[in-house]
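The sequence shown begins at 135 in this note's numbering and counts up by one.
Read through the structure below, which is laid out as structure tokens, and then see the notes.
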Amino acid sequence: MTKHISVMPDKAIELLDVKEDGIYVDGTLGRGGHSRLILEKLKKGKLYCFDLDEEAIEESKELLKEYDNVVFIHDNYMNMKNYVDQVDGILLDLGVSSPQFDEAERGFSYRYDGPLDMRMNKEDELSAYDVVNRYSEERLADVLWEYGEEKFARKIAKKIVENRPIESTLKLVEVIKSALPNKVLSKKGHPAKQSFQAIRIEVNHELNSLKTFLEEMDGILKVNGRVVIITFHSLEDKLVKRHFKKLTSVEDDKRIALRPEQVKEADYVLLNHGDKPDEAEIAKNTRAKSAIIRGVKKVHGKVS
Numbered sequence: 135m136t137k138h139i140s141v142m143p144d145k146a147i148e149l150l151d152v153k154e155d156g157i158y159v160d161g162t163l164g165r166g167g168h169s170r171l172i173l174e175k176l177k178k179g180k181l182y183c184f185d186l187d188e189e190a191i192e193e194s195k196e197l198l199k200e201y202d203n204v205v206f207i208h209d210n211y212m213n214m215k216n217y218v219d220q221v222d223g224i225l226l227d228l229g230v231s232s233p234q235f236d237e238a239e240r241g242f243s244y245r246y247d248g249p250l251d252m253r254m255n256k257e258d259e260l261s262a263y264d265v266v267n268r269y270s271e272e273r274l275a276d277v278l279w280e281y282g283e284e285k286f287a288r289k290i291a292k293k294i295v296e297n298r299p300i301e302s303t304l305k306l307v308e309v310i311k312s313a314l315p316n317k318v319l320s321k322k323g324h325p326a327k328q329s330f331q332a333i334r335i336e337v338n339h340e341l342n343s344l345k346t347f348l349e350e351m352d353g354i355l356k357v358n359g360r361v362v363i364i365t366f367h368s369l370e371d372k373l374v375k376r377h378f379k380k381l382t383s384v385e386d387d388k389r390i391a392l393r394p395e396q397v398k399e400a401d402y403v404l405l406n407h408g409d410k411p412d413e414a415e416i417a418k419n420t421r422a423k424s425a426i427i428r429g430v431k432k433v434h435g436k437v438s
């Protein structure tokens, strides 16, 4: 079992402000690190844990077996509204867990040789193999550009199509490298990182899941409830930042003078402006380097 280190655990729990009798959701269970911290603060409350990865759920059940107020759900967090209603807090720790990266057979890593898989949910039909070997050159280039922000998306897609079939992660790395100029290959950081990220996001519908959740979170959250989200790349963070700004802003008609009682108040307030892990945490867990945590609190709205 590969150990997974939760990112910014103290800050996440601080922003979530767990009440001992509250109802909470960990939308991305992983190996239960954040869930354990939430459960330690709950007395009469309950925690619902979602994950697409059945292995993660089984391992977390063992790690959290001392608690009887936790419910495990094998589903995408974007379907949260089908299982819970009126909760006090929701935590999302987006991205891939260390065990998924470090197990070569899962196909997430560009450092280990394994099959082109990348499915968080092994029951899903679409795999990295399908994206790499069956997408048209144009569609593949769009994926690499949109989800990986890869400047050489067109050249990489062309090389991939020319070298099909590609069946392993390291073969894909080799093909990606062959499409890149020496000035890129000589830079710090792995040259296949952005392409692998893009393919993984496509396989697991990660941005669509986040968009769906953001659109529906208000209907799930109680007044005074909180949503805390940890992102690991700019595309996710832009979505969260933009939506949180929308929730905490009010558009008044500037053409008329409003009396104090007519001034609208936003339904949400920001809990922070985007915090990053400190140097000490990054030294212990290099995968935390790109993380950003944001939170909002619902202060107005329909009380059921």
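Built from N, CA and C at the ideal position, the CB exists for glycine as well.
Look up residue 184 in the DSSP assignment and give the residues it is bridged to.
Its beta-bridge partners are 207.
Cβ pair residue 145, residue 409 closer than 7 Å:
It is a contact, given that the beta carbons lie within the stated cut-off.
So for residue 388, helix, strand or coil by DSSP?
With a pLDDT of only 49 at residue 388, under 50, the local geometry of the prediction cannot be trusted, and the value read off the model is given with reservation. Reduced to three states, the DSSP call for residue 388 is coil.
When the Cα atoms are used, what is the spatial distance from residue 437 to residue 352?
Bear in mind that a pLDDT of 45 at residue 437, under 50, signals an unreliable position, so the number given afterwards is only what the model happens to contain. Rounded to whole angstroms, the gap between the alpha carbons of residue 437 and residue 352 is 12 Å.
How big is the Cα-Cα spacing for residue 256 and residue 166?
Straight-line Cα distance between these residues: approximately 19 Å.
Would you tell me roughly how many angstroms separate the C-alpha atoms of residue 404 and residue 383, rounded to the nearest one?
The straight-line gap from Cα to Cα measures roughly 10 Å.
Do residue 241 and residue 262 have their C-beta atoms within less than 7 Å of each other?
Yes. Within cutoff.
With a Cβ-Cβ cutoff of 7 Å, do residue 179 and residue 209 count as a contact?
Cβ atoms of residue 179 and residue 209: not closer than 7 Å.
Sufficient close CB pairs (3 or more, under 8 Å) joining the region 336 to 354 to the region 187 to 203
No: fewer than three Cβ pairs fall under 8 Å.
Would you identify the three-state DSSP class for residue 191, choosing helix, strand or coil?
Residue state, collapsed to three classes: helix.
Name the residue from 430, 365, 372 whose alpha carbon lies nearest to the alpha carbon of residue 226.
Per the Cα distances, 365.
Going by DSSP in three states, residue 269 sits in which element: helix, strand or coil?
Shown here, residue 269 sits in coil according to DSSP, grouped into three states, outside any helix or strand.
Expressed to the nearest angstrom, what Euclidean distance is found between the alpha-carbon atoms of residue 283 and residue 251?
Cα to Cα, residue 283 sits roughly 21 Å from residue 251.
With a cut-off of 8 Å on the beta carbons, I'd call residue 428 and residue 372 a contact; round off their distance for me.
The Cβ separation is near 11 Å, so there is no contact.
For residue 322 and residue 307, the rounded distance between their alpha carbons:
Distance between the alpha carbons of residue 307 and residue 322 is about 16 Å.
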